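In the numbering used here, the protein residues as written are 6 to 409. Idealized CB from N, CA, C, for every residue including glycine. All values derive from a computational prediction rather than experimental measurement.
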Ligand SMILES: Cc1cc2nc3c(=O)[nH]c(=O)nc-3n(C[C@H](O)[C@H](O)[C@H](O)COP(=O)(O)OP(=O)(O)OC[C@H]3O[C@@H](n4cnc5c(N)ncnc54)[C@H](O)[C@@H]3O)c2cc1C
């Protein structure tokens, strides 16, 4: 019997496996993932990884292999304008350090993080069973039995579901969600430009939603371009010329000639918050527990916070000789994470509703708010600390750079 089975081998599933196994090597940990072998290498997206999550990756011992591909975000600017406006006035700027030499976030290609986590699993002796999807599970008194698409089954003391925002395991556990669709999609694409971005990230609030330009290595940027769902589909399906023209209308010419690199894809955007994070012998983590709007680039970072809190809960319970699958133990994790998750879900929801429109009175109010934050250094550093995940007491140890 395994001690912990993790279903879902995305960043969150792999990270929770590494965090537990590193701190408690005697526990048997297996990861099962439904995607075909090698699918993760084809993910062309990149994510903004906050300072607190970077500290956890340092404890895992994988930051040195990720670092060469990680572009520090040294500055951030926020604008609010109409799509066709020739100039986008800057309402808010952030200088991006939480302390000397520690940027508040890095932009990192997804495949680089997943690759490093998979190698860490291998070093720690964690088996990754690739290409098998969980089809059902039954929780009993002392263990939980999970069945898979290849007719195999795994018995474990604890099942951790990291199977993404459409989590089947969450439904099978009868955990209800609060969820709605924004009617928007995020087009994700990488561009190459003539001039350097100097580590500056830009968030342009446009009537159809935020248009984010996030710096990557080598004069490249990753774009998260929000449009109404039907417009996003149309743009993704359009020919290269139309797509690049629409892109330039939003991106502008400040970084010189633009060139799209690789594929473009649209991701439907919604809010999904699980009402419970745990059940007997069962815990949710990552997008399976919460899918949020990418307006603040915090989705994966919330998942990394789950990882740190869940791993600490499991490891400490194990050290005390407690049953790691008991709901009494798991409730500590739920209490730890639920408030922060709901707060972030609500914040991203309000921001998206406030900024994704062209209503003049709302524009006046929000621009006044942005201008106010810009003029108050105390408030600004508060927001930087919040965005970087380094503010506040009671953070799990991994997020402060300490081993469990
Ligand atoms: C457009 C866009 C931009 C974003 N940008 C950012 C950003 O800049 N910063 C940030 O922090 N976040 C960002 N996010 C959010 C981030 O991508 C997600 O939060 C993150 O992918 C969640 O990771 P996860 O491991 O929980 O789930 P996923 O990455 O969805 O992984 C789920 C895994 O579970 C597997 N799986 C599913 N079902 C089963 C099953 N039944 N059995 C076995 N395996 C299964 C899948 O194969 C997959 O490997 C963005 C999201 C979008 C849509």
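Beta-carbon proximity check, residue 163 vs residue 39, cutoff 7 angstroms | no
Taking only heavy atoms of ligand 1 into account, decide whether any of them is closer than 6 angstroms to the Cβ of residue 370.
-> no
Cα separation between residue 131 and residue 120?
-> Cα to Cα, residue 131 sits roughly 14 angstroms from residue 120.
Hey, could you find the ends of the beta strand (DSSP E) residue 6 is sitting in?
-> Element bounds for residue 6: n/a, residue is neither H nor E.
Whole-angstrom distance between residue 186 and residue 360, CA atom to CA atom = 17 angstroms
How would you label residue 258, buried or exposed, when you count the other beta carbons within 10 angstroms and need 16 or more for buried?
-> exposed
Residues near residue 372 by beta carbon distance below 8 angstroms, same chain, minus five either side = Here the set comprises 85, 96.
Collapsed DSSP secondary structure at residue 203 in the structure displayed | It is coil, neither helix nor strand.
Mind checking who residue 186 pairs with in its DSSP beta bridge?
-> 275
Inter-stretch contact (C-beta, 8 angstroms, three-pair minimum) for the segment 74-81 and the segment 98-115 = yes
Taking only heavy atoms of ligand 1 into account, decide whether any of them is closer than 6 angstroms to the Cβ of residue 299.
-> yes
Less than 8 angstroms between the CB atoms is what I'm expecting for residue 232 and residue 240, so what's the real figure, rounded?
-> Rounded, the Cβ-Cβ distance is 6 angstroms, consistent with contact.
Do you know how far the Cα of residue 147 is from the Cα of residue 28?
-> 23 angstroms
Tell me where the beta strand (DSSP E) around residue 100 begins and ends.
-> 95-100
For residue 79, does the three-state DSSP call read helix, strand or coil?
-> In this structure, DSSP gives residue 79 a state outside helix and strand, which the three-state scheme calls coil.
Residue 228, enclosing alpha helix (DSSP H) - first and last residue | Careful: residue 228 lies outside any alpha helix (DSSP H), inside the beta strand (DSSP E) at 225-233.
Secondary structure at residue 298, three-state DSSP: helix, strand or coil?
-> coil
May I ask whether a heavy atom of ligand 1 can be found less than 6 angstroms away from the beta carbon of residue 343?
-> no
Quick one: residues in its chain with C-beta nearer than 7 angstroms to the C-beta of residue 405, no 5 flanking neighbours on either side, listed in chain order?
-> 60
Less than 6 angstroms between the CB of residue 52 and some heavy atom of ligand 1, yes or no?
-> For ligand 1, at least one heavy atom lies less than 6 angstroms from the Cβ of residue 52.
At a cut-off of 6 angstroms, is residue 229 close to ligand 1 when judged by its beta-carbon and the heavy atoms of the ligand?
-> yes
Sort 310, 337, 301 by Cα distance to residue 318 and report the nearest one.
-> 337
Could you please give me the residues that DSSP links to residue 220 through a beta bridge?
-> 226
Helix, strand or coil at residue 162 according to DSSP, with G and I counted as helix = Under the three-state reduction of DSSP, residue 162 is assigned to strand.
In chain order, what residues of the same chain have a beta carbon less than 7 angstroms from the beta carbon of residue 197, not counting five sequence neighbours either side?
-> 224, 225, 264, 266
Name the DSSP beta bridge partners of residue 55, please?
-> 110
Could you tell me which residues DSSP puts in a beta bridge with residue 283?
-> 288
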